[in-house]
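Let me begin by presenting the structure, written as structure tokens, before commenting on it.
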Amino acid sequence: MHDLAEALAVRNEEKGGALYPLEPRESPFRDFGVNVRVLWPGDPNALYHSEGVQEGFLVLSGECRLIVEEEERLLRQWDYFHCPAGTRQVLVGAGEGPCVIVMIGARPDDPIHYPVSDVAARYGASAANETAVPDEAYADWPGDYTPIRLPWPLDSGR
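In the numbering used here, the protein residues as written are 1135 to 1292.
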């Protein structure tokens, strides 16, 4: 059982928000991953990318900007986005406070593709050069994630 009020998240203070994995590290689900991501306004969850598998995103609270296939859409509480395999996308925190999102996805066997996106670049969420190598795509992102405990329910503070 996971109680997010007691769980440790990992957080990068500069990008990526906070991540609560909802599966044990020692025995992750074989076929899919599930986590809760907290994004503050301006925080992208990743770089603009596409995967060879489907994903799903459910906004539990707050607002985020979905950039999908070079289009922007605002998602609010209880909005759900089903992302078919091969769809280019990223989420960026929006609104006045944190956005909490449940993220579910099949485990990809194929490499993740990171295209260059002018729209995502406005939010610091585009790879500098098109690549399928994560270390190249994320070369400019800070690499240190620190364990933190966030207060639940979340307030608008960082």
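Note that beta-carbon positions come from the ideal geometry of N, C-alpha and C, so glycine has one too.
For Arg-1241, which option in Pro-1155, Arg-1164 and Ala-1152 has the closest C-alpha, if you only look at C-alpha atoms? When each option's Cα is compared against that of Arg-1241, the closest is Arg-1164.
Length of the line joining the Cα atoms of Asp-1244 and Asp-1213: One alpha carbon belongs to Asp-1244, the other to Asp-1213, and they sit about 28 angstroms apart.
Which whole-angstrom value describes the C-beta separation of Arg-1256 and Ala-1228, a residue pair presumed to lie in contact below a C-beta threshold of 8 angstroms? The beta-carbon distance between Arg-1256 and Ala-1228, rounded to whole angstroms, is 13 angstroms. This is too long to meet the 8 angstroms contact definition.
When you compare only the Cα positions, how much space is there between Glu-1204 and Val-1224? Rounded to the nearest angstrom, the two C-alpha atoms are 10 angstroms apart.
Taking the alpha carbon of Gly-1150 as the point to measure from, which residue in Phe-1166, Ala-1266, Glu-1230 and Trp-1174 has its own alpha carbon closest? Taking only the C-alpha atoms, the option nearest Gly-1150 is Trp-1174.
Which residues share a DSSP beta bridge with Asn-1169? Answer is Pro-1155 and Met-1237, bridged to Asn-1169.
Three-state secondary structure (DSSP) of Pro-1178: Residue state for Pro-1178 is assigned as strand, using DSSP reduced to three classes.
Tell me which residue opens and which closes the alpha helix (DSSP H) that Glu-1206 is part of. Looking at the DSSP string, Glu-1206 is not in any alpha helix (DSSP H); the run it does join, the beta strand (DSSP E), is 1205-1210.
Going by the DSSP bridge assignment, what does Ile-1246 pair with across the sheet? For Ile-1246, which the question treats as bridged, DSSP gives no partner whatsoever.
Between the alpha carbons of Leu-1208 and Val-1202, how many angstroms are there, rounded? Cα to Cα, the separation comes out at about 11 angstroms.
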